[in-house]
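Residue numbers (my numbering), protein chains in the order written: chain V, 0 to 144; chain H, 341 to 522.
So this is what it looks like as structure tokens:
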């Protein structure tokens, strides 16, 4: 989309605010609507927009394959790992109260960490799915649209 | 009002053979249902619906369209069996809702079973304002872990099937394998 100047400029202006909104939804999940899943999808939407407007190869340079694939696993491991940490500290699996020994702060930290795990996995999976769809050679030419 | 729009969008989807328009209409459908969920005070679900249904899945459908054809194959003869199946299933579902408690009924089983305990605990023990997050992450932490694993597995599955995250380009001769992942 090299010739779409307006699209490129508007996209450049939009992407930072989309990313910021995603982070807000991510870390504000305890207090307002939203959480890891929604934040992950919004975060992925910013990357997908970037990939649509600036091309897949440019987006690949921002989010290389090895990083994408390891982040998919990192989120899930972070979630499960919080559960194991709680277990080693003497509580049940996924009991966050033992993280700090206090129900209030422990739950806050636990929820923040697991939501972060959910967010990382969801966003990278969405980006990976889009990349795999987009990188296949299209059968339709431009004139078909 | 929103329900009327939903119905109109559904009819438009059925009557269009132009798949690009169908994808856009399904995006509109998702956005309308998100609005409906907001009116039912389910803000978190509406958020998800707007982001996933109207955003990501529309993009993925468009990606699928570039891999397949752009027009639906029109079948000449009318197919009555699916219509009958849909009507019977719909009638059974509507019959089932007759036994359900009214919307917002304080004596409904879902309101009296574990809900008071969740609301009390979230407010006084955890001190987290958003009950949805507390239920998802804390009371139902195993479920959310399972859901994250499902998303993880889905991602791995799509990567393995389409196999293109590594940047390899394949020839597009292999047809009819683009329905996944939406």
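The beta carbon of each residue, even a glycine, is placed where N, CA and C say it ideally should be.
Residue i burial status per 10 Å Cβ neighbour count (16 or more: buried)
i	result
residue 409/H	exposed
residue 401/H	buried
residue 32/V	buried
residue 389/H	buried
residue 71/V	buried
residue 125/V	buried
residue 78/V	buried
residue 341/H	exposed
residue 135/V	buried
residue 95/V	buried
residue 361/H	exposed
residue 508/H	Low per-residue confidence applies at residue 508/H: pLDDT is 46, beneath 50, and the placement is therefore not dependable, though the value from the model is reported in the following sentence. By the 10 Å Cβ count, residue 508/H comes out exposed.
residue 513/H	Confidence at residue 513/H is low in this model, with a pLDDT of 40, below 50, so its placement is unreliable and no value can be given for it.
residue 518/H	Model confidence at residue 518/H stands at a pLDDT of 44, short of 50, so the residue's coordinates are unreliable and nothing is read from them.
residue 384/H	buried
residue 499/H	buried
residue 123/V	buried
residue 130/V	buried
residue 478/H	buried
residue 511/H	With a pLDDT of 43 at residue 511/H, under the threshold of 50, the modelled position of this residue cannot be trusted, and the question is left open.
residue 343/H	exposed
residue 443/H	exposed
residue 12/V	exposed
residue 83/V	exposed
For residue i, the first and last residue of its enclosing alpha helix (DSSP H)
i	result
residue 106/V	102 to 133
residue 440/H	Looking at the DSSP string, residue 440/H is not in any alpha helix (DSSP H), and its letter there is neither H nor E.
residue 487/H	481 to 502
residue 384/H	383 to 388
residue 36/V	35 to 53
residue 25/V	4 to 26
residue 362/H	359 to 379
residue 76/V	64 to 87
residue 401/H	397 to 407
residue 450/H	449 to 452
residue 458/H	455 to 460
residue 466/H	Here residue 466/H belongs to no alpha helix (DSSP H), and DSSP marks it neither H nor E.
residue 352/H	342 to 355
residue 98/V	96 to 99
Test item: CB-CB of residue i and residue j under 8 Å
i	j	result
residue 17/V	residue 44/V	yes
residue 116/V	residue 488/H	yes
residue 106/V	residue 466/H	yes
residue 118/V	residue 38/V	yes
residue 36/V	residue 121/V	yes
residue 380/H	residue 349/H	no
residue 391/H	residue 377/H	no
residue 481/H	residue 93/V	yes
residue 132/V	residue 403/H	yes
residue 367/H	residue 398/H	yes
8 Å contact criterion, which residue i and residue j should meet: CB distance rounded
i	j	result
residue 128/V	residue 495/H	6 Å
residue 369/H	residue 346/H	7 Å
residue 98/V	residue 88/V	7 Å
residue 10/V	residue 40/V	No, residue 10/V and residue 40/V are not in contact; Cβ-Cβ is about 18 Å, not under 8 Å.
residue 114/V	residue 54/V	Their Cβ separation, rounded to whole angstroms, is 32 Å, which puts residue 114/V and residue 54/V out of contact at 8 Å.
residue 448/H	residue 456/H	Actually they do not touch by this definition, with Cβ atoms about 12 Å apart.
residue 352/H	residue 374/H	Not confirmed; about 18 Å, so no contact.
residue 29/V	residue 112/V	Contact flag wrong, Cβ pair sits at about 12 Å.
residue 485/H	residue 412/H	With a Cβ gap of about 40 Å, residue 485/H and residue 412/H do not count as contacting.
residue 471/H	residue 459/H	6 Å
residue 414/H	residue 355/H	With 8 Å as the limit, residue 414/H and residue 355/H do not qualify as a contact, their Cβ atoms being about 12 Å apart.
- Message: Against chain V, which members of the region 463 to 488 of chain H pass a CB distance test of less than 9 Å?
- Response: 465, 466, 467, 468, 469, 470, 472, 473, 474, 476, 477, 478, 481, 482, 484, 485, 487, 488
- Query: Looking at chain H, which residues of the region 2 to 18 of chain V have a Cβ within less than 9 Å of any of its Cβ atoms?
  - Reply: Listed in chain order, the positions of the region 2 to 18 of chain V with a beta carbon within less than 9 Å of a beta carbon of chain H would be empty, since no residue qualifies.
- Residues in the region 39 to 61 of chain V with C-beta within 8 Å of chain H's C-beta atoms, listed in sequence order? 40, 41, 43, 44, 47, 51, 59
- Task: Could you name the residues of the region 424 to 450 of chain H whose beta carbon sits closer than 7 Å to any beta carbon of chain V, in the order they occur along the chain?
- Result: Listed by position along the chain: nothing, the set is empty.
- Chain-ordered residues of the region 376 to 388 of chain H with a beta carbon less than 7 Å from chain V: 383, 384, 387, 388
- Query: Any residues in the region 491 to 503 of chain H with a beta carbon nearer than 9 Å to a beta carbon of chain V? Which ones, in chain order?
  - Reply: Residues 491, 492, 494, 495, 496, 498, 499, 501, 502, 503.
- Relative to chain H, which residues along the region 76 to 90 of chain V have a C-beta separation below 8 Å, given in chain order? 78, 79, 82
- Query: Using Cβ-Cβ distances below 8 Å, what residues of the region 103 to 131 of chain V are close to chain H?
  - Reply: When C-beta distances to chain H are compared with 8 Å, the residues of the region 103 to 131 of chain V below that value are 103, 106, 107, 109, 110, 113, 114, 116, 117, 120, 121, 123, 124, 125, 127, 128, 129, 130, 131, in chain order.
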